[in-house]
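Sequential numbering from 161 applies to the sequence shown in the working numbering.
Idealized CB from N, CA, C, for every residue including glycine.
Have a look at the structure below, then the notes.
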Amino acid sequence: MAYAIAAYLHFIAIFVLFALLTLEHQLFRLPLTLERARSLFRIDIAFGVTAGVVLVTGISRVMWFGKGLGYYLSNSAFHAKIGLFLLVSLLSIYPTLTFLNWRNALKAGQVPQVSPQTGYWVTWVIRLELLLLLLIPLAAALMARGFGVIT
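Listed below in structure tokens is the structure:
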């Protein structure tokens with residue numbers, strides 16, 4: 161039962177992560193409104209927390225509730241999955257820093273000023289994150305079926 165619960169928590173966290181990033185993509189458009197800026201700020205914090213939950217539940221599955229550390233470490237599909245997750249994490253720094261820079265304006269009840277160039281890049285980084293997140297389940301499915309095993 162513990163194996164099923166660990167898998168369930170991991171999957172739910174992944175679904176929530178994708179939903180939050182999709183919501184960021186939908187809400188981030190210029191010109192911003194104060195309400196959308198506040199929502200984006202809170203959603204991005206939730207995205208970071210959820211990414212941490214995905215990481216913790218994933219580590220617990222690798223260490224205690226999966227096929228064993230040896231299986232995962234000798235599987236190139238697992239390496240690809242982890243690499244994609246790390247790449248998404250690194251990419252998410254740019255939107256997060258953008259949203260964190262809005263703190264003072266939001267506290268003052270003002271709409272943050274975002275240049276068209278920043279708006280363009282935040283939008284495209286979020287889109288790239290979404291695309292890369294879509295590849296992670298493919299790597300997971302390949303890994304679970306024994307593809308990528310390094311012998």
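Which partner residues does Val274 have in the DSSP bridge list? Counting from 1 along the sequence shown, the entry for residue 274 is found at position 114. Answer by DSSP bridge pairing: none, since Val274 is not bridged.
Should Ile310 and Ser234 be called a contact, given that it needs their Cβ atoms to be closer than 7 angstroms? In the sequence shown, the residue the question calls residue 310 occupies position 150. In the sequence shown, the residue the question calls residue 234 occupies position 74. In this structure, Ser234 lies closer than 7 angstroms to Ile310 by Cβ.
Can you tell me whether Lys267 is buried or exposed? The criterion is at least 16 other CB atoms within 10 Å of its CB, across all chains shown. For this step, residue 267 is matched to residue 107 along the sequence shown. By the 10 Å Cβ count, Lys267 comes out exposed.
Check whether the Cβ atoms of Thr256 and Asp204 lie closer than 7 angstroms to each other. Indexing the sequence shown from 1 puts residue 256 at position 96. Indexing the sequence shown from 1 puts residue 204 at position 44. Going by C-beta atoms, Thr256 is nearer than 7 angstroms to Asp204.
With a 10 Å radius around its C-beta and 16 neighbouring C-beta atoms as the bar for buried, classify Thr217 as buried or exposed. Counted from its first residue, the sequence shown places residue 217 at position 57. Classification of Thr217: buried, given that the 10 Å Cβ count is 16 or more.
Taking the C-alpha atoms as reference points, what is the distance between Phe314 and Leu260? Residue 314 is absent from the model: the chain starts at 161 and stops at 311.
Is Asn261 helix, strand or coil when you go by DSSP? Within the sequence shown, the letter at position 101 stands for residue 261. It is coil, neither helix nor strand.
Note down, one range per segment and in chain order, each alpha helix (DSSP H) of at least 4 residues found wholly within the segment 182-236. 194-223, 229-233
Buried or exposed: Tyr168, going by 16 or more other Cβ atoms within 10 Å of its Cβ? Taking the sequence shown and counting its residues from 1, the one referred to as residue 168 is at position 8. When all chains shown are included, Tyr168 counts as exposed.
Do you know whose CA, among Ile286, Ile296, Thr210, lies nearest Gln186's CA? As a position in the sequence shown, residue 186 is number 26, starting the count at 1. With distances taken between Cα atoms, Gln186 lies closest to Ile286.
Buried or exposed (CB count within 10 angstroms, at least 16 for buried), Phe207: Here residue 207 refers to the residue found at position 47 of the sequence shown. So Phe207 counts as buried.
My guess is that Tyr232 and Val222 are in contact by the Cβ rule of under 8 angstroms, so how many angstroms apart are they, rounded? Taking the first residue of the sequence shown as 1, we reach residue 232 at position 72. Taking the first residue of the sequence shown as 1, we reach residue 222 at position 62. Confirmed, Cβ separation roughly 5 angstroms.
Could you tell me if Thr182 is buried or exposed, where buried requires 16 or more neighbouring beta carbons within 10 angstroms of its beta carbon? As a working note, residue 182 is residue 22 in the sequence shown. It counts as exposed.
Do Ala197 and Pro272 have their C-beta atoms within less than 7 angstroms of each other? Position 37 of the sequence shown, counting from 1, holds the residue named residue 197. Position 112 of the sequence shown, counting from 1, holds the residue named residue 272. Yes; because the gap between Cβ atoms is below 7 angstroms, this pair is in contact.
If the criterion is Cβ atoms closer than 7 angstroms, does the pair Ala348 and Ala237 meet it? Examination of residue 348 is not possible in this model, given that the chain is present from 161 through 311 alone.
With which residues is Val309 paired in a DSSP beta bridge? The residue labelled residue 309 in the question sits at position 149 within the sequence shown. Val309 is bridged to Asn235.
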